[in-house]
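S.K.: Sharing a structure, written as structure tokens. Questions coming.
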Amino acid sequence: MEADVNDDALIDALKARLPAEAVRTDDDALTLAMHDVHVTGERPVAVVVPKDAAELASAVAAATALGHAVIPRGGGLSYTGGYAAPGPGAVTIDMRGMNRILDIAQEDMTITVQAGVTWKQINNALKPLGLRMPFIGTFSGAGATVGGGLGHGALFFGSARYGSAADNVLGMEVVLADGTLLRTGQGALAQPSKPILRSFGPDLTGLFTHDGGMFGIKTEATFRLIRTPAEQGYASFAFSDIRQAADALCEMARADLAEEIYILDPSAADAVHADASTMAKTAVSVAREAGGAFKAVKALAALAKGGTDFIPEGHFSLHLTAAGRCAAAVEADLAAAHHIASRRGGSAVTPTIPRVARAEIFANLNGVLGPRGGRWAALNAKVAHSDAHRLIDAFDAMIAPHAEEMAAHGVRYTRLVSALANHCFSFEPVFHWQDRWQPLHRSAPDPAHLAAFEEPVPNPQGRALVDRLRRETVDLFRSLGAASNQIGRTYPFRAALSPAPDHLLSTIKQALDPRGLMNPGVLGFA
Numbered sequence: 024m025e026a027d028v029n030d031d032a033l034i035d036a037l038k039a040r041l042p043a044e045a046v047r048t049d050d051d052a053l054t055l056a057m058h059d060v061h062v063t064g065e066r067p068v069a070v071v072v073p074k075d076a077a078e079l080a081s082a083v084a085a086a087t088a089l090g091h092a093v094i095p096r097g098g099g100l101s102y103t104g105g106y107a108a109p110g111p112g113a114v115t116i117d118m119r120g121m122n123r124i125l126d127i128a129q130e131d132m133t134i135t136v137q138a139g140v141t142w143k144q145i146n147n148a149l150k151p152l153g154l155r156m157p158f159i160g161t162f163s164g165a166g167a168t169v170g171g172g173l174g175h176g177a178l179f180f181g182s183a184r185y186g187s188a189a190d191n192v193l194g195m196e197v198v199l200a201d202g203t204l205l206r207t208g209q210g211a212l213a214q215p216s217k218p219i220l221r222s223f224g225p226d227l228t229g230l231f232t233h234d235g236g237m238f239g240i241k242t243e244a245t246f247r248l249i250r251t252p253a254e255q256g257y258a259s260f261a262f263s264d265i266r267q268a269a270d271a272l273c274e275m276a277r278a279d280l281a282e283e284i285y286i287l288d289p290s291a292a293d294a295v296h297a298d299a300s301t302m303a304k305t306a307v308s309v310a311r312e313a314g315g316a317f318k319a320v321k322a323l324a325a326l327a328k329g330g331t332d333f334i335p336e337g338h339f340s341l342h343l344t345a346a347g348r349c350a351a352a353v354e355a356d357l358a359a360a361h362h363i364a365s366r367r368g369g370s371a372v373t374p375t376i377p378r379v380a381r382a383e384i385f386a387n388l389n390g391v392l393g394p395r396g397g398r399w400a401a402l403n404a405k406v407a408h409s410d411a412h413r414l415i416d417a418f419d420a421m422i423a424p425h426a427e428e429m430a431a432h433g434v435r436y437t438r439l440v441s442a443l444a445n446h447c448f449s450f451e452p453v454f455h456w457q458d459r460w461q462p463l464h465r466s467a468p469d470p471a472h473l474a475a476f477e478e479p480v481p482n483p484q485g486r487a488l489v490d491r492l493r494r495e496t497v498d499l500f501r502s503l504g505a506a507s508n509q510i511g512r513t514y515p516f517r518a519a520l521s522p523a524p525d526h527l528l529s530t531i532k533q534a535l536d537p538r539g540l541m542n543p544g545v546l547g548f549a
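With my numbering as the guide, the letters of the sequence shown map in order to residues 24 to 549.
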């Protein structure tokens, strides 16, 4: 990022090119742009909120011409510093203003959206048409955006069968550092064409996935669609040991039995045990999503059977959602899952968690706060199924010596394990502690949810310990050769590369962004 820049000249240039409401310099906007869920960066000079690609390209060109870095921000739900400016003088690009669904091509089975559209918007638009994306969205899909998801590796709902957001995108439009608009896939052709095939020649689309915005800012994307499966089913199992649960998850993933498969550890499962009033509210969503009166009655009966204590205390719980064209196919997949779990020491429990997760998909952003209104910060590692035990054992060995210090400062951890397609094991340790909130903790949750908590007092010792544990965990993942999504400024991506790919990516970065002004520092590239 270049140091000698004139902030007043920048503001004047932006206001000359954009509508007045698109250029924000008020304290609220600048403060929010400094912080993600965990990381705090430098205060930007301005926040630009474009409505279309032309406004975005104009803003980027104006800022970089004057030597200012530009940093894209989607829903703001990063926890790895993805949009935390590493130095002064940056312009934050708030992509939430580019939130239109541009085209739903039912005959071609594609959807094209602006990059500020959320996964919830897409799901709501497709549902009446009997369509959906294969990858449905993230836990935070009520606010997480397409552009952020493609740049940082969005995954979860649908990911055990269909992979991540990046695995389902067909083409993009991107603004480069000088304001140039670039299209990928069939959109790259001089003769306009429908964006059906991603890999016509070298995969330019892939270049802009998982890039953290270091190569450019996404303006729109086209995804493939599927017809919504006619039937869904759910299963949950309790295991006394995480390794047994992991073995079951890996085999279920290899057998392609479910759209999502995930494991919660005991304390995480305890946090979702609901009281009677919450269960009553949830029942409405469950009945609505069941599809038909008879299915609704069955779903509510299953929910009631589970009650509020559906997982034995101290047990790891594995949950899955199966889907197919007919009930017999779903029942066969569920039967296979039961067989796999039983052979590995699992016992069936009422599948309240996966049923509610799908019934209330993208309900809110209350999850930015942890249990009792605390803070959390996650990390993740992706390895082959055959390395699952090695990863779990290595993390346990790393964290064990810190138990006394963690207890002294109120720090604990949970683990979320999930399947990514049929070949990838995802391990996500999450650190929890009580501490003063970031601005996003105050702005993202529903007001009623926020009102239930009193903001904790600052806990700098706990925060420092969490940051140290995160660094040790990242170093551990690197030593194991693990991959990670949502790299941001937390994982040492560039430092972990071997020389040849580092040289190639550096050359591309130099060609696209010779002054290093496109989200500098993300993925380790200045």
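Beta carbons: idealized from backbone N, C-alpha and C, even for Gly. Here the structure is a predicted model, which means the values were calculated and not measured.
Just the C-alpha distance for Pro-452 and Thr-496, rounded to the nearest angstrom, thanks.
M.R.: 9 Å
S.K.: Determine, using beta carbons only, whether Ala-103 and Val-169 come nearer to each other than 8 Å.
M.R.: Here residue 103 turns out to be Thr, not Ala, going by the sequence shown. For Thr-103 and Val-169, no; Cβs fall outside 8 Å.
S.K.: In whole angstroms, what is the alpha-carbon distance linking Gln-144 and Leu-89?
M.R.: 36 Å
S.K.: Taking 6 Å as the limit between beta carbons, can you name the residues of its chain near Asp-298, skipping five residues before and five after?
M.R.: The predicted model places Asp-298 with a pLDDT of 44, which falls under 50 and marks its position as unreliable; any figure quoted below should be read in that light. The answer is none, since no qualifying residue turns up.
S.K.: For the beta strand (DSSP E) that contains Ala-134, what are its first and last residues?
M.R.: Per the sequence shown, the amino acid found at residue 134 is Ile instead of Ala. It spans 133 to 137 - the beta strand (DSSP E) in which Ile-134 sits, taken as one unbroken run.
S.K.: Label Asp-270 either buried or exposed according to how many other C-beta atoms from any shown protein chain fall within 10 Å of its C-beta, with 16 as the threshold for buried.
M.R.: buried
S.K.: Check this for me: beta carbons of Gly-239 and Val-198, under 8 Å apart or not?
M.R.: Closer than 8 Å, so yes.
S.K.: Under 8 Å between the Cβ atoms of Leu-503 and Ala-417?
M.R.: yes
S.K.: For Phe-180 and Ile-159, I'd like the C-alpha separation in whole angstroms.
M.R.: 5 Å
S.K.: Return the chain-ordered ranges of every beta strand (DSSP E) run that is complete within the region 420 to 454 and spans a minimum of 3 residues.
M.R.: 435 to 443
S.K.: Go ahead and pull the three-state DSSP assignment for Ala-244.
M.R.: Ala-244: strand per DSSP, three-state reduction.
S.K.: For the alpha helix (DSSP H) that contains Ile-145, what are its first and last residues?
M.R.: In this chain, the alpha helix (DSSP H) harbouring Ile-145 covers 142 to 149.
S.K.: Would Gly-99 pass as a contact of Glu-65 if the rule is Cβ separation under 8 Å?
M.R.: no
S.K.: Among residues of its own chain, excluding the 5 on either side of Ala-261, which ones have a beta-carbon nearer than 6 Å to its beta-carbon?
M.R.: Taking C-beta separations shorter than 6 Å and ignoring five residues to either side along the sequence, the partners of Ala-261 in its chain run Ile-334, Pro-335, His-338, Ser-340, Ser-370 and Val-372, following chain order.
S.K.: Assess contact between the region 405 to 424 and the region 504 to 511, defined as three or more Cβ pairs (one per stretch) separated by less than 8 Å. Is contact present?
M.R.: Touching, yes, given that three or more Cβ pairs across the two stretches are closer than 8 Å.
S.K.: Taking 8 Å as the CB-CB limit, is Tyr-185 close to chain B?
M.R.: The structure shown contains no chain B; it holds only a single protein chain.
S.K.: Go ahead and pull the three-state DSSP assignment for Ala-324.
M.R.: Since pLDDT at Ala-324 reaches only 49, below the 50 mark, its modelled position is unreliable, and no value is offered.
S.K.: List the endpoints of the continuous alpha helix (DSSP H) containing Arg-66.
M.R.: Run containing Arg-66: none; DSSP gives neither H nor E here.
S.K.: Check whether the Cβ atoms of Ala-167 and Gln-255 lie closer than 8 Å to each other.
M.R.: Contact check for Ala-167 against Gln-255 fails: the beta carbons are separated by 8 Å or more.
S.K.: Buried or exposed, going by whether 16 or more other CB atoms sit within 10 Å of the CB of Thr-228?
M.R.: buried
S.K.: Does DSSP put Gly-172 in a helix, in a strand, or in coil?
M.R.: helix
S.K.: Where do the N-terminal and C-terminal ends of the beta strand (DSSP E) with Lys-217 fall, by residue?
M.R.: Neither: Lys-217 is in no beta strand (DSSP E) and is coded neither H nor E.
S.K.: Kindly list the residues whose CB is nearer than 6 Å to the CB of Ala-367, restricted to its own chain and excluding five residues on each side of it in sequence; keep chain order.
M.R.: Inspection of the sequence shows that residue 367 is occupied by Arg rather than by Ala. These residues qualify, in order along the chain: Gln-267, Asp-270 and Ala-271.
S.K.: How many angstroms separate the CA atom of Ala-310 from the CA atom of Glu-383?
M.R.: For Ala-310, the predicted model reports a pLDDT of 42, less than 50, meaning its position is unreliable and no value from the coordinates is stated.
S.K.: How do the region 110 to 119 and the region 70 to 85 stand: do at least 3 beta-carbon pairs fall below 8 Å, yes or no?
M.R.: Segment contact: the region 110 to 119 against the region 70 to 85, three or more CB-CB distances shorter than 8 Å; contact assigned.
S.K.: Following the continuous beta strand (DSSP E) through Lys-74, name the residue where it begins and the one where it ends.
M.R.: Element bounds for Lys-74: n/a, residue is neither H nor E.
S.K.: With distance defined between alpha-carbon atoms, name the residue in Asp-536, Leu-414, Gly-171 and Ala-45 nearest to Glu-243.
M.R.: Gly-171
S.K.: By the DSSP assignment, the alpha helix (DSSP H) with Glu-354 in it spans what residues?
M.R.: According to the DSSP assignment, Glu-354 belongs to the alpha helix (DSSP H) that extends over 350 to 366.
S.K.: Would you call the CB atoms of Gly-186 and Ala-444 closer than 8 Å?
M.R.: yes
S.K.: Tell me whether Lys-150 is buried or exposed, calling it buried when 16 or more other Cβ atoms sit within 10 Å of its Cβ.
M.R.: exposed
S.K.: By Cβ distance below 8 Å, which residues in the same chain neighbour Phe-223 in space, the five residues on each side in sequence not counted?
M.R.: Gly-208, Gln-209, Ala-211 and Leu-212
S.K.: Going by beta-carbon coordinates alone, are Leu-280 and Leu-343 separated by less than 8 Å?
M.R.: yes
S.K.: For Thr-54, count neighbouring C-beta atoms within 10 Å of its own C-beta (all shown protein chains included) and say buried if the count is 16 or more, exposed if not.
M.R.: exposed
S.K.: According to the neighbour-count rule (16 or more other Cβ atoms, all chains shown, within 10 Å of its Cβ), is Ala-518 buried or exposed?
M.R.: Answer is exposed; the Cβ neighbour count stays below 16.
S.K.: Would DSSP call Thr-496 helix, strand or coil?
M.R.: helix
S.K.: Would you tell me roughly how many angstroms separate the C-alpha atoms of Asn-146 and Gly-174, rounded to the nearest one?
M.R.: 20 Å
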